[in-house]
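Shown next, in structure tokens, is the structure this report addresses.
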Amino acid sequence: MNHSPTDTSAPTGTLAPTRHDPIEVSPIRAVNVALVPQRSPLRYPGGKTWLIPHIRFWLGKIDPSPRLLIEPFAGGGIVSLTAVMEGLAERCIMAELDPDVAAFWQAALRSGPELCDKVLRFRPTREAVEAVASIRPSDPVDHGFRTLVLNRTRRGGILAPGAALSRAGENGKGVASRWYPETIVGRLREIAEHADRIGFRETDGIGLLEELLEARAGSALENPSDPVVFADPPYTAGGKRAGRRLYTHNEIDHHRLFELLADSGARFLMTYDRSSEIVALSRKHGFHAVQVTMKNTHHARIPELIITPEPVFVS
Ligand SMILES: C[S@@+](CC[C@H](N)C(=O)[O-])C[C@H]1O[C@@H](n2cnc3c(N)ncnc32)[C@H](O)[C@@H]1O
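Per our numbering, the sequence shown starts with residue 82, numbered consecutively.
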């Protein structure tokens, strides 16, 4: 099952919950990804651009506005980027365990102009892409650039071992079909402009949550909204395979994640595939889940869950 949405304009109510497992349908639709600003230079498998209207609604209702958004499983980072760039959170901190993805974020945030320069000079022939892929550079900017090239030239943006290069590509341009240097550079420049408000750590997202949420529990908070968490872990609960195929790092202690969020009392929004294990975990902790239907790249309708500690998306 491919979770990379291209057209997500499916009405949210089309996949009815079963009688035995009723889950409310979110009144907000999964948006067609063409309708929201694409801010990430990465085309991320399982990316959450379709979720942006929910994120705007959720963060927009939090008063006072959060100073810190934590995104423990960053991937393409679309939610953090949108929150900071649209002023929905003052700052964000993202965590990512995959060293290749981490190298990209470090290069984008610390060495934006150098990375842009490499993008503009690169000619994406099959030979050039294979040459970039063949070595893992020790220079951090070259490493970040390599991730960007592989992400934009492999089928579905998949970086996990075994991912194939795009062959025909969408418009017969082969490996170059998703290499739009001006667009990529535009996004990198916007990220560089906001880099002082975007934090990144190459680390385990659960560990980062333990550190930051436990600090929250032990302190008198200046801003009672802080920090808020957006969690989009690999979908591997209940033996699901999608997360395994798409990401090199995919083993998450889902029970621990739920427990941590419950114990912290922090505001959060989590997304998951609709598996019975996740529905049960959500109920166990008294969380609220709604369902949204999005369409994946093969136009299959996929029900996703949006989980919050209290009802947020109600008709
Ligand atoms: C579903 S994707 C996130 C997609 C992201 N929300 C987006 O819109 O692009 C999950 C990400 O978590 C990363 N990951 C897996 N295990 C992790 C861990 N323990 N800590 C941090 N990141 C992890 C994977 O490498 C993958 O990039």
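A virtual CB, placed ideally from N, CA and C, is assigned to each residue, including glycine.
Select from P145, I151, L149, I109 the residue whose C-alpha is nearest the C-alpha of W131.
Within the sequence shown, residue 131 is the residue found at index 50, counting from 1. That would be I109, whose Cα lies nearest to the Cα of W131.
Out of K129, N113, G158, R172, which one is the CA nearest neighbour of I279?
Residue numbering aside, residue 279 sits at position 198 when the sequence shown is read from its first letter. Taking only the C-alpha atoms, the option nearest I279 is R172.
For R297, which option in V309, G157, I287 has the closest C-alpha, if you only look at C-alpha atoms?
Within the sequence shown, the letter at position 216 stands for residue 297. Taking only the C-alpha atoms, the option nearest R297 is V309.
Are three or more beta carbon pairs between the segment 112 to 122 and the segment 138 to 154 nearer than 8 Å?
no
From the DSSP output, in three-state form, read off P221 for me.
Within the sequence shown, the letter at position 140 stands for residue 221. Helix, per DSSP.
Sort A155, S215, P134, R124 by Cα distance to I287 and report the nearest one.
Counting from one through the sequence shown, the residue named residue 287 turns up at place 206. Answer by Cα proximity: A155.
Which stretch, first to last residue, makes up the alpha helix (DSSP H) that contains S140?
As a first step, residue 140 is located in the sequence shown; it is residue number 59 there, counting from the start. Going by the sequence as given, residue 140 is Leu instead of Ser. Segment 133 to 142, the alpha helix (DSSP H) holding L140.
When the distance is taken between beta carbons, is I239 closer than 8 Å to L327?
As a first step, residue 327 is located in the sequence shown; it is residue number 246 there, counting from the start. As a first step, residue 239 is located in the sequence shown; it is residue number 158 there, counting from the start. Yes, Cβ-Cβ distance for L327 and I239 is below 8 Å.
Hey, how far is the Cα of G225 from the Cα of G193?
Within the sequence shown, the letter at position 144 stands for residue 225. Within the sequence shown, the letter at position 112 stands for residue 193. If you take the alpha carbons of G225 and G193, they lie about 10 Å apart.
Is F349 near ligand 2, with its Cβ less than 7 Å from a heavy atom?
Ligand 2 is not part of the structure shown, which contains ligand 1 as its ligands.
Looking only at its chain, what residues have a beta carbon closer than 6 Å to the beta carbon of R233, apart from the 5 residues adjacent to it on each side?
Position 152 of the sequence shown, counted from the start, is the residue given in the question as residue 233. So the qualifying residues of the chain are R259, W260.
By Cβ distance below 6 Å, which residues in the same chain neighbour G94 in space, the five residues on each side in sequence not counted?
Here residue 94 refers to the residue found at position 13 of the sequence shown. Residue confidence for G94 is low, a pLDDT of 38 falling below 50, so the modelled location carries little weight; the figure read from the coordinates is stated next. If we look at G94 and ignore the five residues flanking it on each side, its Cβ neighbours are V106.
I'd like to confirm something about G408: is its beta-carbon nearer than 7 Å to some heavy atom of ligand 1, or not?
As shown, the chain starts at 82 and ends at 396. That puts residue 408 outside it, with no answer to give.
Pull up the DSSP beta-bridge partners for T234, would you.
Locating residue 234 in the sequence shown gives position 153, where the first residue counts as 1. DSSP, once it has assigned bridges, lists no residue as partnering T234.
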